[in-house]
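Here the structure is laid out as structure tokens; the discussion comes afterwards.
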Amino acid sequence: MALSLVAVTALLVVLTRDLVKLTIANSVYGLVLVVLFLVFGAADVALSELVVGAVAMPLAIVVAIVKERGE
Amino acid sequence: MTRSGRIALLALGLGGLLSLLAVAAADLPAFGSVHSAYAAFARHAAYAGRHAANSVAAVVFDVRGMDTMIEEFILFGAATATSLLLRSSRDEEAERAEDQGEGDALKLFGIGGVGAVVVLGLYVVAHGYVTPGGGFQGGVVLATAAALVFLGGTYRAFRRVTPERVLEAAEAVGVLAWPGLGIGVVAAGSAFLANVLPYGSLGSLASAGTIPLLNAATGLAVAAAFTLIGVEFLEELFAERARAEEGEGS
Numbered sequence: 000m001a002l003s004l005v006a007v008t009a010l011l012v013v014l015t016r017d018l019v020k021l022t023i024a025n026s027v028y029g030l031v032l033v034v035l036f037l038v039f040g041a042a043d044v045a046l047s048e049l050v051v052g053a054v055a056m057p058l059a060i061v062v063a064i065v066k067e068r069g070e
Numbered sequence: 000m001t002r003s004g005r006i007a008l009l010a011l012g013l014g015g016l017l018s019l020l021a022v023a024a025a026d027l028p029a030f031g032s033v034h035s036a037y038a039a040f041a042r043h044a045a046y047a048g049r050h051a052a053n054s055v056a057a058v059v060f061d062v063r064g065m066d067t068m069i070e071e072f073i074l075f076g077a078a079t080a081t082s083l084l085l086r087s088s089r090d091e092e093a094e095r096a097e098d099q100g101e102g103d104a105l106k107l108f109g110i111g112g113v114g115a116v117v118v119l120g121l122y123v124v125a126h127g128y129v130t131p132g133g134g135f136q137g138g139v140v141l142a143t144a145a146a147l148v149f150l151g152g153t154y155r156a157f158r159r160v161t162p163e164r165v166l167e168a169a170e171a172v173g174v175l176a177w178p179g180l181g182i183g184v185v186a187a188g189s190a191f192l193a194n195v196l197p198y199g200s201l202g203s204l205a206s207a208g209t210i211p212l213l214n215a216a217t218g219l220a221v222a223a224a225f226t227l228i229g230v231e232f233l234e235e236l237f238a239e240r241a242r243a244e245e246g247e248g249s
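Residue numbers (numbering that gives the first Met the number 0), protein chains in the order written: chain A, 0 to 70; chain B, 0 to 249.
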């Protein structure tokens, strides 16, 4: 179940073309990965993925998008 | 080579790779059915060897402490390079744009969340070797508290809680604590980064020897490095915005 969710959200990330939507899709993908790691009992890896994949990386990407668009 | 020839070659390669993958996947052991020798060693090294309840922390901060130290250097290098590159193209004395903050809901959750996130981050760092977590994860959580000040408040408020000099010093102290402790241990007559402190009792905060010290140093370094990278990105953004506003005004 968790594995197929990861596959579906990964596909979503690849197929999304709009950059802002892509960032959101990417952080959802990060959250689903966190669930997968928890299912496998890897709580430490899940925490790392949570802070990097769902928080730090989207933040960096959003700042880059804002700068690029000059808004 | 013609287009159809290339596609045939690609199909051959992909087909071969897929069939090999299918054969390999069919032969995989079921999840949880194999207990590797390394897992057994890591568990023993953590619980019996070092009285660390979190075996991942014991491996990261002790068994392969040297690797983690070099990872700290990598993060330090990344933050330093970001600062160098962005600062060189920016006028440090110039004005920064002012902002009024965003909507009420964002303000409420942003400012309301800062205290809770700081406590959570400190908890994740402090209990890193007892429960899941550790210096790296807790450090990033602490850095997001600073980001919340920006999201829920204003850029001016964000810069007031993130003075560059303090961040730079904190990052340097956190990173240097690693080789510092390692060399200190060597001076005391043991191997580099060897766990020489008393192990304490399993499951308490006073356990696992040098692991709590290295864990705290990592938390400090990671929190400062991530905040510093965020500061550099946002400085860039607001310096540019101020220039754009100036251009409109004149």
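Glycine residues also receive a C-beta, built at the ideal position from the N, C-alpha and C atoms.
Contact set between the stretch 144–159 of chain B and chain A, restricted to residues whose Cβ is under 8 Å from the partner: A146
Outcome for B:S249 when other beta-carbon atoms lying within 10 angstroms are tallied against a minimum of 16: With a pLDDT of 49 at B:S249, under the threshold of 50, the modelled position of that residue is not reliable, and the figure given next carries that caveat. Classification of B:S249: exposed, given that the 10 Å Cβ count is below 16.
Residues near B:V116 by beta carbon distance below 7 Å, same chain, minus five either side: V140, T143, A144, L147
Inter-stretch contact at 8 Å, needing at least 3 Cβ pairs: the stretch 176–184 of chain B / the stretch 30–46 of chain B: no
Span separating the alpha-carbon of A:V54 from that of B:S82: 21 Å
Which of helix, strand or coil DSSP assigns to A:V44: helix
Candidates A:A59, A:A9, A:V62, of which the one nearest A:L35 by Cα: A:A9
Best match in A:V62, A:A59, A:V50 for proximity to A:G29 [C-alpha to C-alpha]: A:V50
Per-residue DSSP class, three states only, for B:G183: helix
Test item: CB-CB of B:W177 and B:M65 under 7 Å: no
Proximal residues, the stretch 58–69 of chain A versus chain B, C-beta separation under 9 Å: L58, A59, V62, A63, V65, K66, G69
B:G114 to B:F237 span [Cα, whole Å]: 26 Å
Spatial distance of A:V73 from B:A190 (CA atoms): Missing from the structure shown is residue 73 of chain A; chain A here goes from 0 to 70 and no further.
Cα-Cα separation, B:V59 to B:G109: 33 Å
Where B:E244 falls, given that 16 or more other Cβ within 10 Å makes a residue buried: exposed
Residue-level contact to chain B via CB, A:A55, 7 Å cutoff: yes
DSSP state of B:S88 mapped onto helix, strand, coil: coil
Nearest residue (CA-CA) to A:N25, options A:V61, A:V12, A:L37, A:D17: A:V12
Cα-Cα separation, B:L197 to B:R155: In the sequence as displayed, the identity of residue 197 of chain B is Pro instead of Leu. Straight-line Cα distance between these residues: approximately 46 Å.
Where B:G111 falls: helix, strand or coil (DSSP): helix
Distance between beta carbons of B:R42 and B:D61, contact taken as under 8 Å: That pair is no contact at about 14 Å.
Cβ of A:A42 within 7 Å of any chain B Cβ: yes
Residue environment, B:T256, which counts as buried when at least 16 other CB atoms sit within 10 Å: This structure leaves residue 256 of chain B out entirely; chain B is present only between 0 and 249.
Chain-ordered chain A contacts of B:L233 [CB-CB under 8 Å]: V62
Cβ-Cβ separation, B:E170 to B:F75 (assumed contact under 8 Å), whole Å: 6 Å
Opening and closing residue of the alpha helix (DSSP H) in which A:V31 lies: 18–38
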